[in-house]
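Engineer: So the protein lines, in turn, are chains A and B.
Take the first sequence: its letters are residues 1 to 110, numbered as in this note's numbering.
Take the second sequence: its letters are residues 111 to 223, numbered as in this note's numbering.
Questions regarding the structure given below will be posed in turn.
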Amino acid sequence: NAGVTQTPKFRVLKTGQSMTLLCAQDMNHEYMYWYRQDPGMGLRLIHYSVGEGTTAKGEVPDGYNVSRLKKQNFLLGLESAAPSQTSVYFCASIGFYGYTFGSGTRLTVV
Amino acid sequence: GQQVMQIPQYQHVQEGEDFTTYCNSSTTLSNIQWYKQRPGGHPVFLIQLVKSGEVKKQKRLTFQFGEAKKNSSLHITATQTTDVGTYFCAGPWSGGGADGLTFGKGTHLIIQP
């Protein structure tokens with residue numbers, strides 16, 4: 001039982017490149033979330049999903065897209081990366097005992 | 111917009127001393143959650159408080175939710191080196207997003223042996 005798994009763990013992108021961050025959960029949770037964490041900041045909600053085939057914008061959605069084609073997977077895409085998107089990205093799902101977070105993806109855009 | 115503020119930002123304590131972090135919201139919260147993040151790690155759920163004036167304990171940790179449901183605190187008694195990390199409070203995101211959260215900026219607990 002792995003919980004929430006994020007890949008990759010680290011990535012360096014050049015400005016303008018695109019990439020997809022993958023989040024997979026094996027807890028059969030309906031709700032999933034993407035957050036970003038910047039130094040000295042709390043976590044900020046990017047996008048979320050309440051079930052397969054649904055997505056919605058969070059607090060800071062600009063520059064990101066998401067998809068939830070399968071219940072267990074929630075993908076976060078950056079179409080044209082910018083240095084301002086350098087951050088640590090956390091995926092989470094919610095169950096009875098609160099959020100379960102993945103271990104994070106540390107993304108640097110140069 | 112909704113804000114969740116935490117103080118202090120950093121707290122240095124000697125091992126064995128007590129530690130408290132405070133969380134204040136600009137709006138009334140239906141619930142508040144607390145998370146711990148170890149250096150280089152991910153946030154880990156500690157507890158959720160729902161009722162006005164609620165107090166919950168987990169071993170050396172005591173959590174309180176204010177009567178007006180706009181503030182909360184986490185108190186650790188007799189800190190140990192394993193308590194090192196950043197403690198975040200979080201309330202429901204005002205955008206209404208299905209249990210999305212607004213996090214405070216966290217309190218970094220640094221313990222000197």
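The beta carbon of each residue, even a glycine, is placed where N, CA and C say it ideally should be.
1. In chain order, what residues of the same chain lie with their CB nearer than 8 angstroms to the CB of Glu127/B, ignoring the 5 residues before and after it?
2. Which residues in the same chain as Tyr48/A place their Cβ atom closer than 6 angstroms to its Cβ, once the five residues preceding and following it in sequence are excluded?
3. As a quick exercise: from Leu43/A, Gly63/A, Ser67/A, Leu22/A, pick the residue whose alpha carbon is nearest that of Thr15/A.
4. With 7 angstroms as the threshold, decide whether the Cβ of Pro153/B is near any Cβ in chain A.
5. Taking only beta-carbon atoms, is Met41/A less than 7 angstroms away from chain B?
6. So, do the region 142-149 of chain B and the region 179-198 of chain B have three or more beta carbon pairs nearer to each other than 8 angstroms?
7. Go through its chain and collect everything with a Cβ distance to His185/B's Cβ below 6 angstroms, but skip five positions before and after it.
8. Which same chain residues end up closer than 6 angstroms to Cys133/B when comparing Cβ atoms and leaving out the 5 residues on each side of it in sequence?
9. Counting only the same chain and skipping the five closest in sequence on each side, list residues whose C-beta sits under 6 angstroms from that of Phe10/A.
10. Would a check of beta-carbon distances place Gly126/B closer than 7 angstroms to chain A?
11. Taking all protein chains shown into account, do 16 or more other C-beta atoms lie within 10 angstroms of the C-beta of Gln124/B, making it buried, or fewer, making it exposed?
12. Mind listing, in chain order, the continuous alpha helix (DSSP H) runs of no fewer than 4 residues lying wholly within the region 171-200 of chain B?
13. Pull up the DSSP beta-bridge partners for Ala92/A, would you.
14. For Gln116/B, which three-state DSSP category applies?
15. Can you list, in chain order, the residues of its chain with a C-beta nearer than 7 angstroms to that of Gly216/B? Leave out the 5 residues immediately preceding and following it.
16. To the nearest angstrom, how far is the alpha carbon of Gln113/B from that of Tyr35/A?
17. For Asp209/B, go through chain A and note every residue whose CB falls closer than 7 angstroms to its CB, in chain order.
18. Name, in chain order, the residues that DSSP records as bridge partners for His47/A.
19. List the residues of chain A that Gln168/B touches, going by C-beta distances under 9 angstroms, in chain order.
Structural biologist: Working from what's here:
1. Taking the first residue of the second sequence as position 1, residue 127/B is located at position 17. These residues qualify, in order along the chain: Ala188, Thr189.
2. Here the question's residue 48/A lines up with position 48 in the first sequence. Tyr33, Ala56, Gly58.
3. Start at 1 with the first residue of the first sequence, and residue 15/A comes out as number 15. Of the candidates Leu43/A, Gly63/A, Ser67/A, Leu22/A, the one whose C-alpha sits nearest the C-alpha of Thr15/A is Gly63/A.
4. Here residue 153/B corresponds to residue number 43 of the second sequence, with the count starting at 1. Closer than 7 angstroms to some Cβ of chain A, the Cβ of Pro153/B qualifies, so yes.
5. The sequence position of residue 41/A within the first sequence is 41, counting from 1. Closer than 7 angstroms: yes.
6. yes
7. Along the second sequence, read from residue 1 onward, the residue named residue 185/B stands at position 75. So the list reads Thr130, Thr172, once near-sequence residues are dropped.
8. Mapped onto the second sequence, residue 133/B falls at position 23. The answer, listed in chain order, is Gln116, Ser182, Cys199, Gly214.
9. Here residue 10/A refers to the residue found at position 10 when the first sequence is read from its first residue. Excluding sequence neighbours, Phe10/A sits near Arg106.
10. Here residue 126/B corresponds to residue number 16 of the second sequence, with the count starting at 1. Not closer than 7 angstroms to any Cβ of chain A, the Cβ of Gly126/B fails to qualify, so no.
11. Here the question's residue 124/B lines up with position 14 in the second sequence. So Gln124/B counts as exposed.
12. none
13. Counting from 1 along the first sequence, the entry for residue 92/A is found at position 92. For Ala92/A, which the question treats as bridged, DSSP gives the partners Tyr33/A, Phe101/A.
14. The residue you call residue 116/B lines up with position 6 of the second sequence. Residue state, collapsed to three classes: strand.
15. Within the second sequence, the letter at position 106 stands for residue 216/B. Answer for Gly216/B: Gln116, Thr196, Tyr197, Phe198, listed in chain order.
16. Here residue 113/B is taken as the residue at index 3 of the second sequence, counted from 1. Here residue 35/A is taken as the residue at index 35 of the first sequence, counted from 1. For Gln113/B and Tyr35/A, the distance between alpha carbons rounds to 17 angstroms.
17. In the second sequence, counting from the first residue as 1, residue 209/B sits at position 99. Within chain A, the residues near Asp209/B are Tyr31, Ile94.
18. As a first step, residue 47/A must be located in the first sequence, where it is residue number 47. Paired residues: Trp34/A, Lys57/A.
19. Looking up residue 168/B in the second sequence gives position 58. The contacting residues do not exist; Gln168/B stays about 13 angstroms from chain A at best.
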